[in-house]
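Reviewing the structure listed below.
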Amino acid sequence: MSVERNTRELEEGIEKDFSGKMTYGSYLALDQLLSAQHPVSRPEHHDEMLFIIQHQTSELWLKLVLHELGAVRKRLREDDLRAAMKGIARIKHIQRSLTEQWSVLATLTPSEYADFRGSLQAASGFQSYQYRAVEFLLGNKNAGMLQVFESDPQALELLSGLLGETSIYDEFVRYLHRRGYAVPDELLHRDVTQAHEFNPGLVQVYKLVYEHAAEHWDVYEACEELVDLEDNFQLWRFRHLKTVERTIGHKSGTGGSSGVGFLQRALELTFFPELFAVRTEIGK
Ligand code: HEM
Ligand SMILES: N[C@@H](CC(=O)c1ccccc1NC=O)C(=O)O
């Protein structure tokens, strides 16, 4: 080791011959991953690379969120609440990372974005099938959303599949029923292709849990985990909205919507309305 030269020597045992062996790059398919950035602006705009990578990293994290949500749903079906909560804890960290990432894109000024926005044509995040899949898995179903995927059979298959399946919230509610809580019957037989709608009877179930937390500790903790999940999702939506506002102001979106106004209305959506409603009822 030569401290003077500020150089670390390689150790004897360090692998150098990778002929026919798996490497870091081959394992991670880096050749594919790192050759998948294709700016479309001509002449190529410097900042389009930021725009592409911000979206690609978001989609990679969304892929993991979907993977974990699938496992959470399975664990709930198997009555393994603790394992399900482990999955939610991981998802919450991913969500924080996704929300934090907006500050990178916020360095894109309106003038820089305007220089290549025209090249994006009608492409828009509205067409992110993984984002829609997350919304469906959390319980905000909307069959109308499938229309933009008519020309993408794989996305259509994933989303129409999820539309007809139970959400995380459906499974949580069914789990509560199996545990003996007085879950209203209509929730157990609801049409799962529709968005979950507010149910006052379920608020009463949560009221019991929150007012006697010590006797319902694991369920109480699980409820708060779900509240965190929704809270984090809304924070992502809010940061998206604010980034859009500072970048394109009140222009309409490339996807054809009114833009900021349309995104604002998504902030009124809720996945687990009863878990928020119970807050008003506690101590009454
Ligand atoms: C400067 C950057 C961005 C701008 C100006 C922007 C703008 C917009 C606008 C105007 C919409 C509404 C749909 C439309 O008419 O196009 C939208 C939707 C959406 N964008 Fe972005 N966006 C940006 C970055 C991102 C990033 C980095 C993501 C990450 C994946 C993203 C994901 C989405 C999603 C998922 C929707 C659908 C939201 C919903 O249905 O409520 N956007 N965006
Ligand atoms: N909807 C954006 C365009 C946009 O942001 C976008 C374009 C192509 C691929 C992803 C995008 N991201 C999010 O909407 C706009 O209206 O400027």
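Residue numbers (full-length UniProt numbering): 1 to 284. Backbone N, C-alpha and C define an ideal beta-carbon position, used for all residues, glycine too.
Minimum C-alpha distance to residue i - residue among the options
i, options, result
"N140", "E197, P184 and G25", "E197"
"R246", "H45, L105, E44 and F262", "L105"
"E48", "T23, L62, P110 and R73", "P110"
"K284", "K251, G259 and V203", "V203"
"T280", "L235, D218, Y206 and A213", "Y206"
"Q194", "E268, L34 and L138", "L138"
"F126", "E59, R174 and V219", "E59"
"L156", "I168, N142, S167 and Y169", "N142"
"R96", "L188, D115, G249 and L62", "L62"
"R42", "R178, G118 and I168", "G118"
"L120", "H38, G20 and F18", "H38"
"D218", "T7, R179, I53 and L269", "R179"
"L263", "I168, V278 and V244", "V244"
"K74", "V209, D170, P184 and L188", "D170"
"L81", "T254, I282, V278 and V173", "V173"
"W102", "I53, A122 and E150", "I53"
"E221", "A83, L10 and T107", "A83"
"T270", "S257, L241 and F233", "F233"
Sequence-distant residues of its chain with Cβ nearer than 7 Å to residue i (five each side left out)
i, result
"E165", "V192"
"V65", "I91, I94 and V134"
Residue i beta carbon near ligand 2 (any heavy atom closer than 6 Å)
i, result
"I248", "yes"
"L108", "no"
"T254", "yes"
"R279", "no"
"H45", "no"
"R265", "no"
"H38", "no"
"R117", "yes"
"L226", "no"
"L241", "no"
"L120", "yes"
Cβ-heavy atom distance, residue i to ligand 1, below 6 Å
i, result
"S35", "no"
"V244", "yes"
"S124", "yes"
"G259", "yes"
"Q54", "yes"
"S97", "no"
"S26", "no"
"Y129", "no"
Residue i, enclosing alpha helix (DSSP H) - first and last residue
i, result
"H177", "I168 to R178"
"F51", "E48 to R77"
"residue 290", "The structure shown does not extend to residue 290, since the chain is modelled only from 1 to 284, so the question has no answer here."
"S160", "P153 to L163"
"G25", "Y24 to Y27"
"V209", "P200 to E211"
"H240", "W217 to I248"
"A133", "Y129 to L138"
"E274", "P273 to E281"
"F262", "V260 to A266"
"P110", "P110 to R117"
"Q121", "It is not in any alpha helix (DSSP H) - Q121 carries neither H nor E in the DSSP assignment."
Close-in-space but distant-in-sequence residues of the same chain around residue i (CB under 8 Å, 5 per side omitted)
i, result
"V227", "F272, L275 and F276"
"F238", "L267"
"K251", "G259"
"G87", "E68, L69, A71, V72 and R75"
Close-in-space but distant-in-sequence residues of the same chain around residue i (CB under 6 Å, 5 per side omitted)
i, result
"W236", "L98 and T99"
"M145", "R132"
"Y181", "V205"
Cβ-heavy atom distance, residue i to ligand 3, below 6 Å
i, result
"R237", "With respect to ligand 3, the structure offers nothing, as its ligand set consists of ligand 1 and ligand 2."
Minimum Cβ-Cβ distance from residue i to chain B less than 7 Å
i, result
"R279", "Judged by its chain identifiers, the structure shown contains no chain B, having just a single protein chain."
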